[in-house]
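Peer 1:
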Amino acid sequence: MTHPQAAPVVLLHPVALDARVADWLDVPDLQALSLPGTGAPAAGATRPPGSLVELADWVAGRLTQPVHLVGCSLGGMVAMHVALRHPGLVLSLLPAFTTARTDSHAVLARAEHTERVGAPALVSETLERWFTPEALTATPRPAPIAYAAERLRAADTVALAATWRAIADHDVQDDLGRVGVPTTFVAGRHDRSVSLESVRTAASRVPRSRLVETDDAHMGLLEQPGRFSSLVRTHVKWASNSHVIDV
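Everything in the sequence shown is counted per our numbering, starting at 10 for the first residue and increasing by one.
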């Protein structure tokens with residue numbers, strides 16, 4: 010069995026972004042995967058995912074040992090599916106700024122809106138939903154936010170809309186009791202995409218869980234990478250010391 014303190018930390022990114030979200034994080038043994046077909050232009054030629062289960066199985070196929078699995082927004086949803094479908098590959102779980110159950114009607118409406126106007130037309134409203142006004146008006150623009158804007162401008166419309174449709178079917182809330190590993194849920198008090206109540210509900214379903222509430226918007230990992238790095242390091246230490254993990 011992999012010793013938890015020696016295990017890698019694997020990060021799964023939000024929609025339309027890629028593995029470069031890890032560039033501003035300071036976490037030992039951190040690896041990041043670029044989820045295929047989820048809107049980022051580098052993955053645009055890849056078939057869009059039919060479901061988050063499909064993405065979870067893709068992630069599992071790339072893990073060669075048990076890991077501490079961290080996911081933000083879309084990545085957090087996928088991480089929950091990985092933990093449920095491939096428990097032997099997950100030593101601990103950290104879903105951040107994400108939910109265990111989406112509002113299908115609202116997400117399908119977003120998919121249709123994306124198809125109607127095209128991904129580039131959504132950049133401004135998406136940035137406003139993802140970041141605080143203070144971050145968006147900072148001069149010069151912080152590099153992580155500039156990166157997010159660049160990725161959104163270049164996003165593949167078909168892949169992005171298909172990913173929203175996959176997200177619309179996401180519902181693992183009633184299955185979370187089967188997650189047997191130490192889990193930290195991270196919720197942003199200024200998150201306009203995910204309510205605090207939904208994260209609290211998800212955390213209450215996992216037997217060995219912690220809930221950390223931060224003064225973040227939806228993209229806390231990019232707006233406050235130092236704070237997010239600290240959260241991940243603290244989580245890994247807590248999980249590694251937990252008697253739940255067999256060493």
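For every residue, glycine included, the Cβ atom is placed at its ideal position computed from N, Cα and C.
If you draw a straight line from the C-alpha of Arg110 to the C-alpha of Val181, how long is it?
Peer 2: As a first step, residue 110 is located in the sequence shown; it is residue number 101 there, counting from the start. As a first step, residue 181 is located in the sequence shown; it is residue number 172 there, counting from the start. So the two alpha carbons sit approximately 6 Å from each other.
Peer 1: What would DSSP say about Pro234, mapped onto helix, strand or coil?
Peer 2: The residue labelled residue 234 in the question sits at position 225 within the sequence shown. Here Pro234 sits in helix by DSSP.
Peer 1: For Pro75, count the other beta carbons within 10 Å of its own beta carbon; 16 or more makes it buried, fewer makes it exposed. Which is it?
Peer 2: Taking the sequence shown and counting its residues from 1, the one referred to as residue 75 is at position 66. Label assigned to Pro75: buried.
Peer 1: Around the Cβ of Arg119, are there at least 16 other Cβ atoms within 10 angstroms (buried) or fewer (exposed)?
Peer 2: The residue you call residue 119 lines up with position 110 of the sequence shown. Result: buried.
Peer 1: From Val261 to Gly80, what does the alpha carbon distance come to, in whole angstroms?
Peer 2: Because the chain here runs from 10 to 256, residue 261 falls outside it and cannot be looked at.
Peer 1: Is there contact between the segment 144–162 and the segment 200–219, where contact requires at least three CB pairs shorter than 8 Å?
Peer 2: no
Peer 1: Could you compute how far the alpha carbon of Ser43 sits from the alpha carbon of Leu21?
Peer 2: By 1-based counting over the sequence shown, the position of residue 43 is 34. By 1-based counting over the sequence shown, the position of residue 21 is 12. Cα-Cα distance, rounded: 7 Å.
Peer 1: Look up Leu83 in the DSSP assignment and say whether it is helix, strand or coil.
Peer 2: Here residue 83 is taken as the residue at index 74 of the sequence shown, counted from 1. Leu83: helix per DSSP, three-state reduction.
Peer 1: Ignore the nearest five residues each way along the sequence and tell me which others in Ala15's own chain have a CB closer than 6 Å to its CB.
Peer 2: As a position in the sequence shown, residue 15 is number 6, starting the count at 1. So the list is empty, once near-sequence residues are dropped.
Peer 1: Could you say if the segment 81–98 and the segment 113–130 meet the contact criterion of at least three C-beta pairs nearer than 8 Å?
Peer 2: no
Peer 1: Thinking C-alpha only, which one of Arg162, Leu131, Pro191 and Glu134 is nearest Ser249?
Peer 2: Counted from its first residue, the sequence shown places residue 249 at position 240. The candidate whose alpha carbon is nearest that of Ser249 is Pro191.
Peer 1: Report the residue ranges of all beta strand (DSSP E) runs contained in full by the segment 149–226; include only those spanning at least 3 residues, in chain order.
Peer 2: 192–197 and 218–223
Peer 1: Assign Thr73 to buried or exposed, taking buried as 16 or more other Cβ atoms, counted over all protein chains shown, within 10 Å of its Cβ.
Peer 2: As a working mapping, residue 73 is identified with position 64 in the sequence shown. Per the 10 Å Cβ criterion, exposed.
Peer 1: Using beta-carbon positions only, say whether Arg209 and Leu220 come within less than 9 Å of one another.
Peer 2: Within the sequence shown, residue 209 is the residue found at index 200, counting from 1. Within the sequence shown, residue 220 is the residue found at index 211, counting from 1. Cβ atoms of Arg209 and Leu220: closer than 9 Å.
Peer 1: Look up Leu26 in the DSSP assignment and say whether it is helix, strand or coil.
Peer 2: Position 17 of the sequence shown, counting from 1, holds the residue named residue 26. DSSP places Leu26 in coil when its eight states are reduced to three.
Peer 1: Who are the near neighbours of Asp38 in its chain, counting only those whose CB is closer than 6 Å to its CB and skipping five residues on each side?
Peer 2: Locating residue 38 in the sequence shown gives position 29, where the first residue counts as 1. So the list reads Pro17 and Val18, once near-sequence residues are dropped.
Peer 1: When the Cα atoms are used, what is the spatial distance from Gly189 to Trp33?
Peer 2: The sequence position of residue 189 within the sequence shown is 180, counting from 1. The sequence position of residue 33 within the sequence shown is 24, counting from 1. Going by the C-alpha atoms only, they are around 30 Å apart.
Peer 1: Whole angstroms is fine: what's the gap from Gly229's alpha carbon to Asp35's?
Peer 2: Stepping through the sequence shown from its first residue, residue 229 is reached at position 220. Stepping through the sequence shown from its first residue, residue 35 is reached at position 26. About 14 Å.
Peer 1: For chain C, is any of its Cβ atoms less than 9 Å away from the one on Arg209?
Peer 2: Annotation note: the requested chain C is absent from the structure, which comprises a single protein chain.
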